[in-house]
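Presented below is the structure to which this report refers.
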Amino acid sequence: TLFWSCAEVGRRPLELLEPLNMELQARPRAFNDLDLATLVTSLSAGGNARTEGEWEGEAKANRRLLLSRIAGEAKLRDLPLTQDALAFRGGDKQTDGRSALPEL
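Under the numbering used here, the first residue of the sequence shown is numbered 67, with each subsequent residue one higher.
Laid out in structure tokens, this is it:
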């Protein structure tokens with residue numbers, strides 16, 4: 067995906083977060099397991115050392131919303147790669163090891 071490509075070269079395409087959220091809300095089935103797993107990895111704080119750091123302001127809210135939507139899709143559909151990516155997100159774990167994302 068374009069988002070992943072940017073993350074791989076150390077850029078955070080923050081301007082894509084809102085359109086991604088809108089597309090995932092409107093057409094969730096257009097995103098396959100690999101698409102969603104790739105997004106989770108790209109959005110994870112520890113997913114790529116070149117893009118680590120704090121997400122701030124509107125980007126942080128859009129990131130959390132997108133990750134929550136992806137987690138919701140993973141509960142509704144058979145998405146093993148996405149489920150693995152969500153479980154592996156070390157940067158989004160609390161000190162007790164639970165996911166920092168709210169339960170849907």
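Glycine included, each C-beta is placed from N, C-alpha and C at the ideal position.
**Asked** How many Å lie between Ala127 and Leu109 at the Cα?
**Response** It is roughly 12 Å from the alpha-carbon of Ala127 to the alpha-carbon of Leu109.
**Asked** Thinking just about the alpha-carbon of each residue, which of Trp121, Pro94, Arg77, Cys72 is nearest to the one in Leu141?
**Response** The sequence shown places Lys at residue 141, rather than the Leu named in the question. Out of Trp121, Pro94, Arg77, Cys72, Pro94 has the C-alpha closest to the C-alpha of Lys141.
**Request:** Please report how far the alpha carbon of Asn114 lies from the alpha carbon of Thr107, in whole angstroms.
**Result:** No answer about Asn114 holds up, because its pLDDT of 46 lies below 50 and its placement is not dependable.
**Message:** By alpha-carbon positions, which one of Pro146, Ala151, Leu132 ends up nearest to Gln91?
**Reply:** Nearest option by C-alpha distance: Leu132.
**Request:** Could you have a look at Glu74 and say whether DSSP puts it in helix, strand or coil?
**Result:** Helix.
**Message:** Would Leu102 and Glu139 qualify as a contact pair, given that the criterion is a beta-carbon distance under 8 Å?
**Reply:** Taking C-beta atoms as the reference points, Leu102 and Glu139 count as a pair closer than 8 Å.
**Asked** Under the three-state reduction of DSSP, which class applies to Glu122: helix, strand or coil?
**Response** Judged by DSSP in its simplified three-state form, Glu122 adopts coil rather than helix or strand.
**Asked** Would Arg135 pass as a contact of Asn98 if the rule is Cβ separation under 8 Å?
**Response** Judged by their CB atoms, Arg135 and Asn98 are not nearer to each other than the 8 Å cut-off.
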